[in-house]
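All letters in the sequence shown, in the order written, are residues 206 to 287 by this note's numbering. All residues carry an ideal CB built from backbone N, CA and C; glycine is no exception. Report on the following structure.
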Amino acid sequence: MIFTNLAKIVAWLALIAGAGQLLIGFGVATEVFGPYEQALARYAPGAENSGDVIDRGFFILIFAIALGALAEISRSVGGSRE
Numbered sequence: 206m207i208f209t210n211l212a213k214i215v216a217w218l219a220l221i222a223g224a225g226q227l228l229i230g231f232g233v234a235t236e237v238f239g240p241y242e243q244a245l246a247r248y249a250p251g252a253e254n255s256g257d258v259i260d261r262g263f264f265i266l267i268f269a270i271a272l273g274a275l276a277e278i279s280r281s282v283g284g285s286r287e
């Protein structure tokens, strides 16, 4: 049961982090945060372009959805035994 709760917490945190990465990536791409090169260096250090940031955000979101689904499966299976 502890791993189910831990997985749900990690899934929520990953969902928030992935959404943040997407917002940063799209914000840098549309130059909402300022000139492209400066915003990329400030908000996404280590990324070559805004596409890398957006891709990273999608991968984190996919991970969060998968982990959340596994946590829900674990909760429903564990609940039927108790």
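Bounds of any alpha helix (DSSP H) do not take in Val237, whose DSSP letter is neither H nor E.
Under the three-state reduction of DSSP, Glu242 is assigned to helix.
Taking a contact as a CB-CB distance under 8 Å, the pair Gly223 and Ala269 counts as one, their CB atoms being some 6 Å apart. Between the segment 218 to 234 and the segment 244 to 256 there are three or more C-beta pairs closer than 8 Å, enough to call the two in contact.
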